[in-house]
Amino acid sequence: SITQCTELNNRVKMPWLGLGVYKTQEGAQVEQAIADALEAGYRSIDTAAAYGNEEGVGRAIAASGLKREELFITTKVWNSNQGYESTLKAFEDSRQKLQLDVIDLYLVHWPVAGKYKDTYRALEKLYKDGHVRAIGVSNFLIPHLEDLLGSCEIVPAVNQVEFQPFLTQPELQSYCKDRNIQLEAWSPLLQGHLDVPLLQEIGHKHGKSVAQVILRWDLQNGIVTIPKSVTKSRIIENADIFNFELTTEEMEAIDGLNENRRLGSDPMNFNF
Ligand code: NAD
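Heads up, the sequence shown is in my numbering, so the first residue is 54 and it goes up one at a time.
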């Protein structure tokens with residue numbers, strides 16, 4: 054069911070499916086999208102300081118009437134706030150905007166060269182002090198993880214990276230799996246570019262949409278997924294993936310679409 058969880062490397066449970074709110078407008082839009090998602094059964098929300106909508110996320114959570122422990126809220130420290138002290142400050146700012154005492158998952162948004170280790174040390178401090186239930190990274194490739202694991206105390210619980218049928222990063226998948234780092238997919242729905250014949254064909258066989266096929270493929274690959282939508286019918290559709298199963302052949306066929314094609318920035322070479 055939609056509340057199915059993966060158990061992170063510190064035993065904390067994280068839902069396999071969440072709502073992404075990148076480019077969801079602060080104010081009425083984000084509040085309505087979250088209200089619709091919670092009504093559809095979502096319990097996990099993925100935001101970031103950089104999305105500029107943490108206050109709306111906070112208002113939507115407060116208005117939901119759900120118990121705090123039923124929800125799983127992720128946010129991230131933005132690049133311009135990286136470094137030890139500034140990350141602690143940025144966390145406090147996010148926490149207040151979200152109106153939460155404790156954040157479920159706090160991530161280093163991008164591996165800013167020369168800074169991400171100090172940033173991560175601040176996350177470790179927040180974790181030890183009980184302000185976050187789990188800590189992790191985003192957009193970390195194997196070299197970044199090797200570097201970080203060489204000196205960190207707490208193995209990241211999660212690595213959130215671009216993951217979609219044309220970018221499956223098999224080496225990164227097994228690297229994370231071997232180290233008990235849960236991989237999480239951003240832009241799982243190809244940012245809406247869903248007219249892929251193979252996926253349409255597979256969807257047709259199951260009476261499912263391309264979006265549902267991709268999200269189901271994420272789950273069967275053991276990858277947490279956070280599709281974005283602000284349209285109620287799509288929010289509901291994207292969660293209706295727990296009642297069918299892709300065959301081994303279908304899984305392999307989708308895996309076979311990989312061509313290392315990114316929609317977003319390359320973590321080895323970004324400048325923001
Ligand atoms: P996505 O792949 O989830 O695509 C979202 C778009 O797909 C929507 O805007 C809509 O146009 C379309 N769509 C959604 N559901 C659909 C459906 N059922 N049928 C047809 N079209 C549909 O893109 P995303 O927003 O880039 O990624 C998802 C989330 O991942 C973000 O909202 C954010 O939370 C996270 N993210 C994180 C990073 C990072 O650096 N850590 C980067 C990008 C995104």
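Glycine included, each C-beta is placed from N, C-alpha and C at the ideal position.
For clarity, every value in this text was computed on a predicted model and none was experimentally measured.
Any non-hydrogen atom of ligand 1 within 8 Å of residue i CB
i	result
residue 99	yes
residue 280	yes
residue 110	no
residue 309	no
residue 77	yes
residue 94	no
residue 262	yes
residue 239	yes
residue 327	The displayed coordinates of the chain run from 54 to 325. Any statement about residue 327 would go beyond what the structure contains.
residue 213	yes
residue 129	yes
residue 74	yes
residue 133	no
residue 315	no
residue 290	yes
residue 217	yes
residue 283	yes
residue 273	no
residue 243	yes
residue 139	no
residue 169	no
residue 324	no
residue 257	no
residue 269	no
residue 162	yes
residue 247	yes
Local conformation of residue i per DSSP, three classes
i	result
residue 191	strand
residue 164	coil
residue 152	coil
residue 301	helix
residue 287	helix
residue 186	strand
residue 214	strand
residue 263	helix
residue 310	coil
residue 241	coil
residue 52	Residue 52 is absent from the model: the chain starts at 54 and stops at 325.
residue 247	coil
residue 255	helix
residue 293	coil
residue 227	helix
Which residues DSSP lists as bridging residue i, in chain order
i	result
residue 67	59
residue 281	73
residue 236	212
residue 159	128 and 188
residue 322	319
residue 272	According to DSSP, residue 272 bridges with nothing at all.
residue 220	217
Cβ separation of residue i and residue j, assumed to be a contact under 8 Å, to the nearest whole Å
i	j	result
residue 201	residue 170	6 Å
residue 280	residue 291	5 Å
residue 192	residue 163	5 Å
residue 177	residue 206	6 Å
residue 140	residue 155	That pair is no contact at about 17 Å.
residue 67	residue 277	6 Å
Chain C within 9 Å of residue i, Cβ atoms only
i	result
residue 208	The chain labelled as chain C is not found in the depicted structure, where only one protein chain is given.
**Request:** Could I get the ranges of all uninterrupted alpha helix (DSSP H) runs contained in the region 71-148, with 4 residues as the minimum, in chain order?
**Result:** Segments of the alpha helix (DSSP H) lying fully in the region 71-148: 81-93 and 107-117.
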